[in-house]
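Enquirer: Below you will find the structure I want to go over with you.
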Amino acid sequence: MSDSLGACPECDALYRRRKLRRGEVARCPRCGARLYSRPRFDPEQMLGLVIGALLTYLIANAYPIVVLNLQGSINSATLFGSIAALWGEGRHLTAVLVFATTQLFPLLDLTILFALLMAVVRSRRRRVGRPRWFAPLLRFIQGMRPWGMTEVFMLGVLVALVKLSHMARIVPGAALWAFGALTVMLAVIVTFDLASLWDDPDPAPADH
Numbered sequence: 012m013s014d015s016l017g018a019c020p021e022c023d024a025l026y027r028r029r030k031l032r033r034g035e036v037a038r039c040p041r042c043g044a045r046l047y048s049r050p051r052f053d054p055e056q057m058l059g060l061v062i063g064a065l066l067t068y069l070i071a072n073a074y075p076i077v078v079l080n081l082q083g084s085i086n087s088a089t090l091f092g093s094i095a096a097l098w099g100e101g102r103h104l105t106a107v108l109v110f111a112t113t114q115l116f117p118l119l120d121l122t123i124l125f126a127l128l129m130a131v132v133r134s135r136r137r138r139v140g141r142p143r144w145f146a147p148l149l150r151f152i153q154g155m156r157p158w159g160m161t162e163v164f165m166l167g168v169l170v171a172l173v174k175l176s177h178m179a180r181i182v183p184g185a186a187l188w189a190f191g192a193l194t195v196m197l198a199v200i201v202t203f204d205l206a207s208l209w210d211d212p213d214p215a216p217a218d219h
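Start counting the sequence shown at 12; every next residue gets the next number (the working numbering).
Quick look at the structure:
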């Protein structure tokens with residue numbers, strides 16, 4: 012790893028890779044582009060964070076987002092219920108977009124990252140190679156990440172709650188707090204350099 016050569020993705024300048032300390036980022040000496048980094052968290056720590064995010068995701072979808080009290084009429088809504096309401100009103104494209112960006116892509120991101128981290132932890136502890144599905148999944152999650160927009164959803168919910176607060180009494184539900192915590196967790200998770208999963212202090216032959 013430390014003796015291998017690499018090329019800058021921006022200017023194609025060759026550089027020699029070296030080991031970094033936690034949180035360090037290597038940049039191209041010619042153009043300053045980001046080359047690679049060493050995450051602040053190791054795979055075992057990131058695995059714990061991903062498991063916590065998955066549990067928070069389940070809580071966020073199992074309970075109401077808000078409870079509205081409008082002149083004695085109490086209504087609560089879950090995220091899936093809101094998506095179903097959009098679909099029932101004929102707003103099919105909006106319903107699909109909300110489902111994809113707030114449900115499907117974050118869940119895929121977390122489950123795929125969980126599988127990748129488990130493979131890395133297993134390979135380091137047992138000194139075995141990466142499974143065959145490791146590289147395709149790694150490329151898939153890198154291409155999918157820009158579509159996860161949980162933070163945009165949270166911003167939209169907060170704006171809607173501020174506007175509705177003049178019309179009804181709003182009680183934040185457990186799911187709203189869970190989504191807030193999930194947004195923070197995902198913000199930390201997406202800063203993890205996926206390319207670092209290839210780094211292995213105890214390299215072993217690949218699986219066949």
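Note that beta-carbon positions come from the ideal geometry of N, C-alpha and C, so glycine has one too.
Under the three-state reduction of DSSP, which class applies to Leu25: helix, strand or coil?
Expert: strand
Enquirer: Does DSSP put Gly17 in a helix, a strand or coil?
Expert: Three-state result, Gly17: strand.
Enquirer: Residue range of the alpha helix (DSSP H) that Tyr47 falls in?
Expert: Where Tyr47 is concerned, there is no enclosing alpha helix (DSSP H), although the beta strand (DSSP E) it sits in stretches over 45-48.
Enquirer: Under the rule that 16 or more other beta-carbon atoms within 10 Å means buried, what is Ile62, buried or exposed?
Expert: exposed
Enquirer: Name the DSSP beta bridge partners of Ala64, please?
Expert: Its beta-bridge partners do not exist; DSSP assigns none.
Enquirer: Which residue from Arg137, Leu128, Val195 puts its Cα closest to that of Ala146?
Expert: Leu128
Enquirer: Can you give me the start and stop residues for the alpha helix (DSSP H) that Val132 sits inside?
Expert: 116-137
Enquirer: With a CB to CB cut of under 6 Å and the five nearest residues on each side skipped, what residues in its chain are close to Pro214?
Expert: Only weak support is given to the placement of Pro214: the predicted model assigns it a pLDDT of 41, under 50, and the question is left unresolved by the model.
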